[in-house]
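> Structure provided below as structure tokens; questions to follow.
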Amino acid sequence: MMQRIYLSPPHMSGEEMKYIQEAFDTNWIAPLGPHVDAFEKEVACYTGAKGAVALSAGTAAVHLALKYLGVQQGDYVFCSSLTFSGTCNPIVYEKAIPVFIDAEPESWNMSPAALEAAFVSFKKRGKLPKAVIIVNLYGQSADYGKLLPICEHYGVPVIEDAAESLGATYKGKQTGTFGKMGIFSFNGNKIITTSGGGMVVSDDLDALKKIKFWATQAREPARHYEHKEIGYNYRMSNIAAAIGRGQIRALDDRIQRKKEIFDTYRKAFSNISEIKIMPVAEYGTPNYWLTVVILDQQSKVKPDNIITKFEENNIESRPVWKPMHLQPVFQECEYYPHTEDVSADLFHKGVCLPSGTAMSGEDQAVIIEKFKSCF
Ligand SMILES: *Cc1c(COP(=O)(O)O)cnc(C)c1O
């Protein structure tokens with residue numbers, strides 16, 4: 001049996017050890033340290049944000065961004081439904097109420113029509129949301145040219161969940177920089193990794209200062225440990241940041257390789273009439289984090305058939321994210337569909353293909369052959 005092919009495994013650049021060694025040599029093993037500061041600067045510089053705070057996870061980043069926006073018990077937060085639970089769990093940590101917004105077919109990201117419908121409905125009730133979390137799915141920017149004016153019209157701030165989209169752009173501007181705050185994830189499966197970690201970026205340096213304070217147990221500046229607020233142990237370690245520094249140097253290469261993988265799949269499948277590859281909206285450049293295909297309604301082949309076929313050959317693949325409005329834990333939450341339920345449809349018809357940047361051409365050829373053999 002071949003060696004297992006994973007969906008999107010870590011891909012080290014070779015530079016990581018140099019930074020880790022530096023941390024060891026200077027005994028900066030303890031949390032924080034110079035690599036954390038440097039990695040924050042590098043991510044801010046790459047994205048064009050004024051500042052950044054490195055955290056233990058993307059989920060922690062969403063949490064503190066919500067907290068900064070004053071989200072509390074009984075508040076509503078609008079949120080993309082087609083995403084990973086890390087996007088919306090923090091809403092519930094603060095005892096606020098998620099309201100899920102469907103995707104649009106053009107980009108699979110938040111539907112401007114559904115967002116507008118949700119705002120109209122909440123405005124009528126006299127209760128606007130405290131924040132809107134917009135996700136950039138599978139490495140492609142949401143349509144900010146349409147979404148931001150709606151949020152601005154109602155005066156509600158945006159948190160951009162760019163966990164999957166580091167390096168992707170919208171009209172030339174980096175994702176993560178469109179909302180009041182943007183968040184990134186460096187989990188092991190993301191385009192670059194710190195083994196586990198996240199970051200908040202923003203142009204609001206006061207906001208970042210407050211987030212950093214909460215993330216280090218809300219320690220007041222005093223010789224002893226003084227606390228006036230509840231804090232969190234959410235900071236990234238110096239060792240994790242060392243890995244991140246080695247990784248970010250390879251980010252542009254990773255994006256280029258992800259695009260090659262996407263193009264290879266697209267060409268190879270162009271004559272299978274029963275499938276469509278994920279759309280690429282003309283307004284930006286994705287980072288092509290994962291390549292996803294959608295099976296036609298009429299196709300006899302279902303995502304399960306393909307995933308099982310891959311599994312028999314030791315190849316990992318996955319369905320599209322199961323939308324949050326279909327999750328048992330969120331079944332009480334309100335949901336605003338596009339017109340038809342786009343995110344549910346994508347979940348039922350989609351398969352995420354192995355898209356690791358270290359994958360060889362031979363491996364991808366095997367994947368393509370197994371995929372084709374299903375039809
Ligand atoms: C991975 C991911 C997160 C969570 O990031 P972690 O670092 O795993 O906490 C949040 N949102 C989206 C869209 C993600 O893909």
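Residue numbers (full-length UniProt numbering): 1 to 375. Built from N, CA and C at the ideal position, the CB exists for glycine as well. Here the structure is a predicted model, which means the values were calculated and not measured.
Round the Cβ separation of asparagine 136 and aspartate 161 to the nearest angstrom and send it over; I've been treating them as touching at under 8 angstroms.
One-based indexing of the sequence shown puts residue 136 at position 136. One-based indexing of the sequence shown puts residue 161 at position 161. With 8 angstroms as the limit, asparagine 136 and aspartate 161 qualify as a contact, their Cβ atoms being about 7 angstroms apart.
> Rounded to whole angstroms, how far is the Cβ of threonine 169 from the Cβ of threonine 285, which I believe are closer than 8 angstroms?
Taking the first residue of the sequence shown as 1, we reach residue 169 at position 169. Taking the first residue of the sequence shown as 1, we reach residue 285 at position 285. The pair is a contact, with the Cβ atoms about 5 angstroms apart (cut-off 8 angstroms).
> The alpha helix (DSSP H) that contains glutamate 42, what's its start and end?
What you label residue 42 is simply residue 42 of the sequence shown in a count that begins at 1. Counting along the chain, the alpha helix (DSSP H) containing glutamate 42 begins and ends at 34–47.
> For the region 246–265 against the region 98–116, do three or more pairs of beta-carbon atoms, one drawn from each stretch, fall closer than 8 angstroms, so that the two count as touching?
No: fewer than three Cβ pairs fall under 8 angstroms.
> Here's the rule I'm using: 16 or more other beta-carbon atoms within 10 Å means buried, otherwise exposed. How should cysteine 151 be labelled?
Along the sequence shown, read from residue 1 onward, the residue named residue 151 stands at position 151. By the 10 Å Cβ count, cysteine 151 comes out buried.
> I'd like to confirm the pairing. Which residues does DSSP put opposite alanine 54 in its beta bridges?
Here residue 54 corresponds to residue number 54 of the sequence shown, with the count starting at 1. Answer is Met199, bridged to alanine 54.
> Go through the region 104–153 residue by residue and report every complete run of the alpha helix (DSSP H) that reaches 4 residues or more, in order.
Segments of the alpha helix (DSSP H) lying fully in the region 104–153: 112–124.
> Apply the 10 Å Cβ neighbour rule to glutamine 140 and answer buried if 16 or more other Cβ atoms are within range, or exposed otherwise.
The sequence position of residue 140 within the sequence shown is 140, counting from 1. By the neighbour-count rule (16 or more Cβ atoms within 10 Å), glutamine 140 is buried.
> Can you tell me whether DSSP reads asparagine 305 as helix, strand or coil?
Position 305 of the sequence shown, counting from 1, holds the residue named residue 305. Note: asparagine 305 maps to helix in three-state DSSP.
> Run through the DSSP bridge pairs and tell me what proline 98 is partnered with.
Taking the sequence shown and counting its residues from 1, one reaches residue 98 at position 98. DSSP lists Val77 as partners of proline 98.
> So lysine 67 and tryptophan 214 are in contact, right, with Cβ under 8 angstroms, and what is the actual spacing, rounded?
Translated into the one-based positions of the sequence shown, residue 67 becomes position 67. Translated into the one-based positions of the sequence shown, residue 214 becomes position 214. Yes, lysine 67 and tryptophan 214 are in contact; Cβ-Cβ is about 7 angstroms, under 8 angstroms.
> On the three-state DSSP scale, how would you describe valine 280?
Counting from 1 along the sequence shown, the entry for residue 280 is found at position 280. Valine 280: coil per DSSP, three-state reduction.
> Report, in whole angstroms, the separation of the C-beta atoms of isoleucine 20 and isoleucine 243, which I expect to be a contact under 8 angstroms.
Counting from 1 along the sequence shown, the entry for residue 20 is found at position 20. Counting from 1 along the sequence shown, the entry for residue 243 is found at position 243. The Cβ separation is near 7 angstroms, so the contact holds.
> Who are the Cβ neighbours of valine 293 in its own chain at under 6 angstroms, not counting the five residues just before and after it?
As a working mapping, residue 293 is identified with position 293 in the sequence shown. Excluding residues within five positions, the ones whose Cβ falls inside 6 angstroms are Ile275, Ile277, Val351.
> If distances are taken between C-alpha atoms only, which option among Thr193, Gly196, Ser202, Lys190 comes closest to isoleucine 183?
Translated into positions along the sequence shown, residue 183 becomes position 183. Residue Ser202 is the option with its Cα nearest to isoleucine 183.
> Classify tyrosine 170 as helix, strand or coil using the three-state DSSP reduction.
One-based indexing of the sequence shown puts residue 170 at position 170. Strand.
> Which residues, in chain order, sit with a beta-carbon under 6 angstroms away from any heavy atom of ligand 1?
This selection yields Ala57, Gly58, Thr59, Thr83, Phe84, Gly86, Thr87, Val135, Asp161, Ala163, Glu164, Ser185, Asn187, Gly198.
> Glycine 244 lies in the alpha helix (DSSP H); which residues open and close that run?
By one-based count along the sequence shown, residue 244 stands at place 244. Its alpha helix (DSSP H) spans residues 238–248.
> Can you say whether aspartate 206 is buried or exposed, counting buried as having 16 or more other CB atoms within 10 angstroms of its CB?
Taking the first residue of the sequence shown as 1, we reach residue 206 at position 206. It is exposed - the Cβ of aspartate 206 has fewer than 16 other Cβ atoms within 10 Å.
> Could you spell out where the alpha helix (DSSP H) holding aspartate 206 opens and where it closes?
Taking the sequence shown and counting its residues from 1, the one referred to as residue 206 is at position 206. Here the alpha helix (DSSP H) through aspartate 206 covers 205–215.
> Taking the straight line between their C-alpha atoms, what separation do you get for residue 383 and glutamine 217?
Lying outside 1 to 375, the shown extent of the chain, residue 383 is not represented and no answer is given.
> With distances taken from CA atoms, which of Trp321, Asp304, Gly167 is nearest serine 343?
For this step, residue 343 is matched to residue 343 along the sequence shown. If we check each option's Cα against that of serine 343, Trp321 comes out closest.
> Within the same chain, show all residues whose beta-carbon is closer than 6 angstroms to that of glutamine 298, passing over the 5 residues directly before and after it, in chain order.
By one-based count along the sequence shown, residue 298 stands at place 298. There are no such residues.
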